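Notes follow once the structure below has been shown.
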Amino acid sequence: MIEKDPERKEAVLKIAGYNLEWYIYNSSWMVRLVNKLPWPLKSLGKHLANKTAYKLHAGQVVPIEDAIQIAELAHNHVVIPCYCRRLSGDFEKLTCLNFGMVKYLWPKYRPDDRIEEVDKDTAIEMLKEWDEEGYVHAVFWAKLPYVIAICNCERRYCTAMKNRLVYGVENAYKKSHYIAVVDPEICDGCDGSPRCTLRCQFGALQYNPSKKIVEVDPYKCFGCGLCRSACEKGAIKLVDREQFPIRVGW
Ligand code: SF4
Ligand code: SF4
8 MIEKDPERKE AVLKIAGYNL EWYIYNSSWM VRLVNKLPWP LKSLGKHLAN
58 KTAYKLHAGQ VVPIEDAIQI AELAHNHVVI PCYCRRLSGD FEKLTCLNFG
108 MVKYLWPKYR PDDRIEEVDK DTAIEMLKEW DEEGYVHAVF WAKLPYVIAI
158 CNCERRYCTA MKNRLVYGVE NAYKKSHYIA VVDPEICDGC DGSPRCTLRC
208 QFGALQYNPS KKIVEVDPYK CFGCGLCRSA CEKGAIKLVD REQFPIRVGW
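Each residue of the sequence shown is one higher than the one before, starting from 8 at the first, in the numbering used here.
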């Protein structure tokens, strides 16, 4: 796929090679700049940012079971540092699970940077550990439909998440195929100290003190599934996003 498409090859080389900082840093300041433009330039800028993100490089949230399926299908699993974390001063964690060509490109273009090869089972165990830690998984492409990585990140670091949530570039970080639903018959609100709300990085869960249960805002829910794994009573499940009215969107 890479050899047949020069545009894809360029995107992969930039992202996994010589221009990663440029890609992350500049995409975020360009998006900030666009937001300061007067309408209709702002609207045009966002349209172009959305188009570029969708086509060239962006991600979609996946719950743990989908992340595992992707890791099972992929080959050449490697973990590298998360550059969004790095730009925020966290240099240590290798939380970016990459596939395919990255294994060859990274040592060539970034010989001073860390990279660890992992087998499939180890990659899946890592995904489960990151899930426990409360990191949101998102599958990233480097020109659709080429899957380059599963990002495992948090709102305080993730550039793509910020580009969507703060600057409104929807295609930078698409919602998953699911929405969380709380069963009011099972949820007891954890006696007023809900465990699930603390896991949601999108502000989609709220405790309702009069009903003594937690409720999901389907418009805000990204379907990451982190609240579900926090609920020991099994009160939360993920349902297909398409079962909801179209306006909850992606
Ligand atoms: S963790 Fe489960 S039981 Fe507790 S508030 Fe959340 S959904 Fe309800
Ligand atoms: S409500 Fe649950 S599934 Fe939805 S975004 Fe929050 S943590 Fe993720």
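Every residue, glycine too, gets a C-beta built ideally from N, C-alpha and C.
Just so we're clear, the structure is a prediction, and the values are computed from it rather than from any experiment.
Problem set entry | Integer Cβ distance of V85 from E132, believed to fall under 8 Å | Actually they are not in contact, since the Cβ atoms of V85 and E132 sit about 15 Å apart, beyond 8 Å.
For this session: With DSSP as the reference, please indicate the residues paired to I87 in a beta bridge.
Result: C103
For this session: Write down every uninterrupted run of the alpha helix (DSSP H) in the segment 133-196 whose length is 4 residues or greater and which is fully enclosed by it, in chain order.
Result: 166-172
Problem set entry | Reduced DSSP category for V125 - H, G, I as helix; E, B as strand; rest coil | coil
Problem set entry | Proximity to S200 [Cα-Cα], best of D190, Q213 and V189 | Q213
For this session: Kindly indicate which residue of R162, Q67 and D126 has the alpha-carbon position closest to the one of D151.
Result: This sequence places Leu at residue 151; Asp is not what is there. Taking only the C-alpha atoms, the option nearest L151 is Q67.
For this session: Report buried or exposed for W137, applying the criterion of at least 16 other Cβ atoms within 10 angstroms of its Cβ.
Result: buried
Exercise. Is V255 near ligand 4, judged by its Cβ being under 7 Å from some heavy atom?
Worked result: As for ligand 4, it is missing from this structure, which binds only ligand 1 and ligand 2.
Exercise. Under the rule that 16 or more other beta-carbon atoms within 10 Å means buried, what is R254, buried or exposed?
Worked result: exposed
Problem set entry | Best match in C165, G256 and W148 for proximity to V19 [C-alpha to C-alpha] | W148
Problem set entry | Residues that V223 bridges to, as DSSP identifies them | L212
Exercise. What separation, rounded to the nearest whole angstrom, lies between the Cα atoms of G175 and K53?
Worked result: 8 Å
For this session: Would you identify the three-state DSSP class for A65, choosing helix, strand or coil?
Result: strand
Problem set entry | At least 3 beta-carbon pairs within less than 8 Å: the segment 155-170 vs the segment 181-201 | no
For this session: Using only alpha-carbon positions, find the residue among S217, F229, N170 and R93 that is nearest to A60.
Result: N170
For this session: Inspect the CB distances between the segment 237-245 and the segment 200-210 and report whether three or more fall short of 8 Å.
Result: yes
Problem set entry | Cβ distance (whole Å) where V246 is taken to contact V223 below 8 Å | The Cβ separation is near 10 Å, so there is no contact.
For this session: Can you list the residues near ligand 2, meaning Cβ strictly closer than 6 Å to any non-hydrogen atom, in the order they appear in the chain?
Result: A187, R206, C207, F209, A211, L212, V223, C228, F229, G230, C231, G232, L233 and C234
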